[in-house]
Amino acid sequence: MAEIRLVGTAHVSQKSIDEVRSAIEEFQPDIVGVELDRGRYIALTQEVAEPSVTDILKGGNFGQLLVQWVLTFIQQRIGAETGVKPGSEMLAAIEEAQAHQISVGLIDRDIRITLARFWGKMGIWEKTKLIGALLYSLVGVEGQELDVDELTNQDVVSAAMEEFRKFSPKGAQALIDERDAYLAHQILMLGTQYERVLAVVGAGHIQGVQRYLDAPETLPPLQSLTGEVKGLPWAKIFGAGVTVLFLLLIAAIAFSGVGLDVLLAALVYWVLINGILSAAFTLLAGGHPLSAATAFAVSWMTSLNPLLAAGWFAAYVEAKMRKPAIGDLKRIIVAETFSEMRRIPLFRVVLVAALANVGSTLGTVAYFLFIFPFLGVDPTVVVTDGFTNMLQMIQDLF
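Our numbering puts the first residue of the sequence shown at -2, with every later residue one more than the last.
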């Protein structure tokens, strides 16, 4: 049976770096497992080529990408306050292990899988709350006193974890519980190959990982922690529903006898409400006027097609007008303020894509909420007369 020891760290703490080095020196493990996946290991130890704007836009998960960047930004700001670069304790573990000719094992789940499952498990309300909280924290992270050493105090960590569970139960499951299990799987696997295993993990995972190490039979299957989160494609269902509802509404107005002017007003209102809100949110993101004009021009159409999004078109124009440069991704990561981040072309392209889509969605919702007050007609009369006349026409045809 392998001897396994866990070291809990705060990712931006000099004290954690010192504790990691001391643990390796004292325990003399056969292998050091670090809470990194291959991608983050390479990012810490090598120069990494940045993805192209085309690749980023093809991904389409703009909200998820923004959450990832904002979380990185917040961690960088805390690191700047403490004078410690995020990930330094993992890098210290790697360097110390190599100095003692000790093997290093990467024990964390691929960050792309974690973020995809994190985003996929959360509902619309949880995602909205998360983005709002992150945007608020962008303003509040500076100027606050933070005792980073408290981030390794298990009472403090447990309280923080419980607060996050209340805030986002499904998000916590993917970000904390699943990773506890995945880390435990990897540590136990190392234990089958080495006699002495030292695992360096974030303080928030210590209790969960230790529980699984004490009772391995309670571990969920590894495959259940790495697969794609499959659920109903709510975005496509919503888009298809909007298309059907809009066509039925226009048909009801057309056959209700309220007049051609009302029908034209309903169509114009669809174009305007979608276009204005999508363009306004594009400008709110700091987008170029032509990007906003593009959002205005296409949002009426993309709102009727669940396979298209106004943000894609607006972001494409934004990337043409203000071309992202090599090194933008690094500048996003090291930005000191949100204002500075917004001025970076690559961040602005993704922000334009995300907010243009938000504006278009809000425009669609606003249309169905306010269309009848705008037209000044009784919805009951329009719907009843419209469908009655349509059914009568169909019966007359047969």
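All C-beta atoms, glycine included, are put in the ideal place defined by N, C-alpha and C.
{"Asked": "Taking the CB atoms as reference points, tell me whether Ala282 and Val347 lie closer together than 7 Å.", "Found": "no"}
{"Asked": "Counting C-beta neighbours from all protein chains within 10 Å, is the total for His285 16 or more, i.e. buried, or is it exposed?", "Found": "buried"}
{"Asked": "For the alpha helix (DSSP H) that Leu103 lies in, which residues bound it at each end?", "Found": "Premise fails: Leu103 lies in the beta strand (DSSP E), 100 to 103, not in any alpha helix (DSSP H)."}
{"Asked": "Can you tell me which residues form a DSSP beta bridge with Ala277?", "Found": "BP columns for Ala277 are empty, so no partner."}
{"Asked": "Nearest CA to the CA of Ala232: which residue from Glu175, Val295, Pro303, Asp258?", "Found": "Pro303"}
{"Asked": "Skipping 5 residues on each side, what residues in its chain have a beta carbon closer than 7 Å to that of Arg35?", "Found": "Leu103"}
{"Asked": "Is the distance from the Cβ of Met87 to the Cβ of Leu33 below 7 Å?", "Found": "yes"}
{"Asked": "Put Gly5 into one of helix, strand or coil per three-state DSSP.", "Found": "strand"}
{"Asked": "Which one of Ser85, Ile39, Leu187 has the shortest CA to CA distance from Ala7?", "Found": "Ser85"}
{"Asked": "Answer with buried or exposed for Val17, where buried requires no fewer than 16 other C-beta atoms within 10 angstroms of its C-beta.", "Found": "buried"}
{"Asked": "Along the chain, where does the alpha helix (DSSP H) that runs through Ile323 open and close?", "Found": "Run containing Ile323: none; DSSP gives neither H nor E here."}
{"Asked": "In angstroms with no decimal places, state the Cα-to-Cα distance between Pro213 and Gly188.", "Found": "12 Å"}
{"Asked": "Among the residues of its own chain, which have a CB less than 8 Å from the CB of Gly199, if the five just before and after it don't count?", "Found": "Gly5, Thr6, Ala7, His8, Glu32"}
{"Asked": "So which of Val295, Phe115, Val314, Gly224 has the shortest CA-CA distance to Ala306?", "Found": "Val295"}
{"Asked": "Along the beta strand (DSSP E) that carries Leu195, what are the first and last residues, could you check?", "Found": "193 to 199"}
{"Asked": "Span of the beta strand (DSSP E) holding Gly30?", "Found": "28 to 31"}
{"Asked": "Straight-line CA distance for Val362 to Asn271?", "Found": "9 Å"}
{"Asked": "How would you call Arg339, buried or exposed, if buried means at least 16 neighbouring beta carbons within 10 angstroms?", "Found": "exposed"}
{"Asked": "Quick one: grab the DSSP three-state call for Glu0.", "Found": "strand"}
{"Asked": "Here's the rule I'm using: 16 or more other beta-carbon atoms within 10 Å means buried, otherwise exposed. How should Thr291 be labelled?", "Found": "buried"}
{"Asked": "Out of curiosity, what's the CA-to-CA distance linking Thr215 and Val197?", "Found": "22 Å"}
{"Asked": "Output the boundary residues of the alpha helix (DSSP H) element that contains His97.", "Found": "Per DSSP, His97 belongs to no alpha helix (DSSP H) and is neither H nor E."}
{"Asked": "Leu354 lies in the alpha helix (DSSP H); which residues open and close that run?", "Found": "Before going further, note that residue 354 is Asn rather than Leu in the sequence given. First-last of the alpha helix (DSSP H) with Asn354: 342 to 372."}
{"Asked": "Under DSSP, the alpha helix (DSSP H) around Ala282 begins and ends at which residues?", "Found": "Run containing Ala282: none; DSSP gives neither H nor E here."}
{"Asked": "When the Cα atoms are used, what is the spatial distance from Val314 to Leu210?", "Found": "52 Å"}
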